[in-house]
Amino acid sequence: MAVDPPAPRAAGDATARGPDGRGGPHVFVDDLDDPRLPGSDLDHLTRSLRLRAGDALTVSDGRGRWRPCRLGSSGHPVPAGDIVSVARPVPAITVAFAPVKGDRPEWAVQKLTEIGVDHVGLLSTARSVVRWDDERGPRHLERLTRVAREAAMQSRQVWLPTVHPPQPLATAAARPGVALADARGEPPSLSHCTLLVGPEGGWTDEERALAPAVALGPGVLRAETAAVVGGALLAALRSGLVAAHDAPSGTNLPAAT
Numbered sequence: 007m008a009v010d011p012p013a014p015r016a017a018g019d020a021t022a023r024g025p026d027g028r029g030g031p032h033v034f035v036d037d038l039d040d041p042r043l044p045g046s047d048l049d050h051l052t053r054s055l056r057l058r059a060g061d062a063l064t065v066s067d068g069r070g071r072w073r074p075c076r077l078g079s080s081g082h083p084v085p086a087g088d089i090v091s092v093a094r095p096v097p098a099i100t101v102a103f104a105p106v107k108g109d110r111p112e113w114a115v116q117k118l119t120e121i122g123v124d125h126v127g128l129l130s131t132a133r134s135v136v137r138w139d140d141e142r143g144p145r146h147l148e149r150l151t152r153v154a155r156e157a158a159m160q161s162r163q164v165w166l167p168t169v170h171p172p173q174p175l176a177t178a179a180a181r182p183g184v185a186l187a188d189a190r191g192e193p194p195s196l197s198h199c200t201l202l203v204g205p206e207g208g209w210t211d212e213e214r215a216l217a218p219a220v221a222l223g224p225g226v227l228r229a230e231t232a233a234v235v236g237g238a239l240l241a242a243l244r245s246g247l248v249a250a251h252d253a254p255s256g257t258n259l260p261a262a263t
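With our numbering as the guide, the letters of the sequence shown map in order to residues 7 to 263.
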């Protein structure tokens, strides 16, 4: 059964939001005026989700704009409402982590995208076990970018995150607003909206000296869990869902408590 798309807000409205899911599935296209679906997305909509001609969906260009559509008889979306422009949240949130074995990096990228993190990066550290800075790097990066796109579709994002290739910790830590995830740190805050997460072997003393530290709680987290927890705390602070507080130094409590 077709679902009526949500009433769109005027383009440029500062209060405009992305799709809420009631307007059907969400996909990314290159052109909102003439939306065309890649074959893989069309197969997913018609075979997995069983959309039929006339059913509602939403499309986005991944750069903050989206519009309601209906699936046309040709298999491509037909615009059914105005283009809505959604302002990018500020400040931008970046989470970079040292890759771990197996499919855990994909899981971390998926969850960070669902949370609304703007940039996801990969780190090369002294104790990294997995290193993607060889000929395999581009293939891994392509896969993670695909995971981020699929997660953004599922979570109805209108800003696609950027997945960055591996870089040395010293390079990442030299940028402003950076903090290392470390149990010895202070609660997270938006003054450090770039979070670097080390490998499961932890940071060396030399690496700890590169940037301030923020703690993500009293427990010892797996690397991919720490990345997601840190991203979630920063996103919650940015959206106002939790308020920053002045925790005593060294309490190792996250700002969301």
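Ideal Cβ positions, reconstructed from N, Cα and C, are used throughout, including at glycine.
* Who are the Cβ neighbours of G204 in its own chain at under 6 Å, not counting the five residues just before and after it? -> A104, T131
* Own chain, CB closer than 8 Å to L196, minus 5 neighbours either side, in chain order -> Spatial neighbours of L196 in its own chain (CB-CB distance under 8 Å, excluding positions within 5 residues in sequence) are listed in chain order as P97, L240, L243, R244, A250.
* Neighbourhood of L48 by C-beta distance below 6 Å, restricted to the same chain and skipping five residues each side -> G81
* Tell me whether W113 sits in a helix, a strand or coil according to DSSP, three-state version. => helix
* When the Cβ atoms of the segment 168-181 are set against those of the segment 215-235, are three or more pairs found closer than 8 Å? -> yes
* Around the C-beta of V226, are 16 or more other C-beta atoms found within 10 angstroms, so that it is buried, or is it exposed? -> exposed
* Specify the secondary structure class of P254 as computed by DSSP and reduced to three states. => Summary for P254: the model assigns pLDDT 47, below 50, so the residue's position carries little reliability, and this model does not support an answer.
* Residues near A261 by beta carbon distance below 7 Å, same chain, minus five either side -> Confidence at A261 is low in this model, with a pLDDT of 35, below 50, so the placement of that residue should be treated as unreliable; the coordinate-derived value is given next. Only P193, P194, S195, L239, L243, V248, A250, H251 meet the Cβ criterion.
* Between the segment 167-176 and the segment 31-44, do at least 3 Cβ pairs fall closer than 8 Å? -> no
* Asked: On the three-state DSSP scale, how would you describe P74?
  -> strand
* Per the contact definition of three or more C-beta pairs closer than 8 Å, is the segment 144-158 in contact with the segment 83-93? -> no
* Host alpha helix (DSSP H) of E156 (start-end) -> In the DSSP assignment, E156 falls within the alpha helix (DSSP H) that extends over 143-160.
* Cα-Cα separation, Q116 to A154 -> 6 Å
* Status (buried if at least 16 other CB within 10 Å, exposed otherwise) for T119 -> Buried: at least 16 other Cβ atoms inside 10 Å.
* Report the three-state DSSP secondary structure of V136 (helix, strand or coil). => coil
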